[in-house]
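J.: Can you read through this structure? Questions will come right after.
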Amino acid sequence: RSPIQTDENEKSSTLSRYDYITLISLILETLLGSLGNSFIVAVNLCDLLTHGELNSFDLILTCLGLSRWVLQFLVLTVLQYSWLFYSNSSMWFATWLCVLYCVRIANIQNFIFNLLKKHFDRLLPWFLMASVAISVVFSTPWAYNIIQNALYYDNDTDSTETGDEPFFLGSKNFASFSTLCALGSLPPFLIFCTAALMVVSSLMKHVQKMKEQEKTGFREPSVKAHYGAVMSIGLFFIFYLFYMVTFNIYISQTVDSSLVKCFCAVTIGAYPSIHSLFLVLRITLGKCSLNPPITEQQIRSPVLCFRYLANLAC
23 RSPIQTDENE KSSTLSRYDY ITLISLILET LLGSLGNSFI VAVNLCDLLT
73 HGELNSFDLI LTCLGLSRWV LQFLVLTVLQ YSWLFYSNSS MWFATWLCVL
123 YCVRIANIQN FIFNLLKKHF DRLLPWFLMA SVAISVVFST PWAYNIIQNA
173 LYYDNDTDST ETGDEPFFLG SKNFASFSTL CALGSLPPFL IFCTAALMVV
223 SSLMKHVQKM KEQEKTGFRE PSVKAHYGAV MSIGLFFIFY LFYMVTFNIY
273 ISQTVDSSLV KCFCAVTIGA YPSIHSLFLV LRITLGKCSL NPPITEQQIR
323 SPVLCFRYLA NLAC
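Rendered as structure tokens:
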């Protein structure tokens, strides 16, 4: 091996500054996301042990927290089959959270909607199990594709096409992988959009009715519930939209800019962490108004502070 080839190999294996920024950002996002998701799961498990059951909202949050906790670490390890399964599962669980907002808040006179609203709590475990089964179905074909690519890559000598670059999350057959991702995420996304539109429609009708009654718009408790649900749904929609766009740009391997790749990788890691932190913050702040304020002694003691936050979440 000549010195020139050795130098070229060393340069190709060296991480750039954008790779370091990406790695550090993903690690920080993983830590923050794991803390937020772990807090959600731990509090709900404590509530389960205490009361022996979980309501629909806490059950969905527990499943969502578990799936995102695993997904957050898979962003670093890049295991395509497992990553795709947990990504689809996380999308489904977030969708059922949106549906829960819809059936609890929206006031729509429709036979199917009223039937779902009446039996949603009883059907929720079946919905969650069906979501996991669908996620498995839409990620299993990719496992076969991974094996085929592994056999093909073993005979490929071009390291630039074998996925040796840092944070590789793609395939030569980008069209099939992108189609598989779309098929797995499209059903929950359509359900999510339908539930979101129903909540927004119910909010607009309720505000219009209150204006006719000469009442203030966003000060009534029922309207506050609508407004809070719309804010949560809207934030999740924005996060998921950025996540899917940057994900497809990243796995397509069509962008040569290291800055764009860095931005895409950081955005992919931010989706399962920042939204979970928002859920923790929203639940905690929402219950702060129903509980006495935190004392100075609780602020100084980490144990007392955690117990205070856990009591709020419960």
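If you count the sequence shown from 1, you need to add 22 to reach this note's numbering.
Beta carbons: idealized from backbone N, C-alpha and C, even for Gly.
(1) Which residue's Cα is closest to the Cα of Ile130: Ser224, Ile82, Leu57?
(2) Quick one, which of Leu71, Arg90, Tyr123 has its alpha-carbon nearest Ser78's?
(3) In whole angstroms, what separates the C-alpha of Leu257 from that of Ile82?
(4) Any idea what DSSP makes of Gly74, helix, strand or coil?
(5) Kindly confirm or deny that the segment 105 to 118 and the segment 134 to 141 touch, where touching means at least three C-beta pairs closer than 8 Å.
(6) Just to confirm, are Ile49 and Thr84 a CB contact at a threshold of 8 Å?
(7) Let me know the secondary structure DSSP gives Gln131 once reduced to three states.
(8) Could you check whether Val252 and Val222 sit closer than 8 Å to each other, using their CB atoms as the reference points?
(9) Give me the residue from Ser280, Ser295, Val121 with the minimum Cα distance to Pro210.
(10) Check whether the Cβ atoms of Lys283 and Tyr272 lie closer than 8 Å to each other.
(11) In three-state DSSP terms, what is Ser22?
(12) Is the beta carbon of Leu76 sitting closer than 8 Å to the one on Asn66?
(13) Candidates Leu263, Leu70, Leu299: which alpha carbon is nearest Cys215's?
(14) Which residue wins for smallest C-alpha separation from Ile255, given the options Phe133, Thr117, Ser89, Val229?
(15) Is Arg126 near Ser112, with beta carbons less than 8 Å apart?
(16) Count the other C-beta atoms from every protein chain shown that fall within 10 angstroms of the C-beta of Trp148, then say buried if there are 16 or more, exposed otherwise.
(17) Please name the residue in Val229, His73, Leu57, Ser207 whose C-alpha comes closest to that of Phe160.
T.: This is what the structure holds:
(1) Reading the sequence shown from its first residue, position 108 is the one you call residue 130. Ranking Ser224, Ile82, Leu57 by Cα distance to Ile130 puts Ser224 first.
(2) Residue mapping note: residue 78 aligns to position 56 of the sequence shown, counting from 1. Here the closest residue by C-alpha is Tyr123.
(3) Indexing the sequence shown from 1 puts residue 257 at position 235. Indexing the sequence shown from 1 puts residue 82 at position 60. Taking the straight line joining both Cα atoms gives about 18 Å.
(4) As a working note, residue 74 is residue 52 in the sequence shown. In the structure shown, Gly74 sits in coil (DSSP, three-state: anything other than H, G, I, E or B).
(5) no
(6) Looking up residue 49 in the sequence shown gives position 27. Looking up residue 84 in the sequence shown gives position 62. Not a contact, by the Cβ cut-off of 8 Å.
(7) Position 109 of the sequence shown, counted from the start, is the residue given in the question as residue 131. Looking at Gln131 - three-state DSSP - the assignment turns out to be coil, as it is neither helix nor strand.
(8) The count along the sequence shown starts at 1 and reaches residue 222 at position 200. The count along the sequence shown starts at 1 and reaches residue 252 at position 230. Yes, they are a contact pair.
(9) Your numbering for residue 210 matches position 188 in the sequence shown. The residue with the shortest Cα to Cα distance from Pro210 is Val121.
(10) Your numbering for residue 283 matches position 261 in the sequence shown. Your numbering for residue 272 matches position 250 in the sequence shown. Going by C-beta atoms, Lys283 is nearer than 8 Å to Tyr272.
(11) Residue 22 is absent from the model: the chain starts at 23 and stops at 336.
(12) On the sequence shown, position 54 is the one that residue 76 refers to. On the sequence shown, position 44 is the one that residue 66 refers to. The answer is yes: Cβ separation under 8 Å.
(13) For the purposes of this step, residue 215 is taken as the residue at position 193 of the sequence shown. Measuring from the Cα of Cys215, the nearest candidate turns out to be Leu263.
(14) By one-based count along the sequence shown, residue 255 stands at place 233. For Ile255, the nearest C-alpha among the options comes from Thr117.
(15) Start at 1 with the first residue of the sequence shown, and residue 126 comes out as number 104. Start at 1 with the first residue of the sequence shown, and residue 112 comes out as number 90. The Cβ atoms of Arg126 and Ser112 lie no closer than 8 Å to each other.
(16) Position 126 of the sequence shown, counting from 1, holds the residue named residue 148. So Trp148 counts as exposed.
(17) Your numbering for residue 160 matches position 138 in the sequence shown. That would be Ser207, whose Cα lies nearest to the Cα of Phe160.
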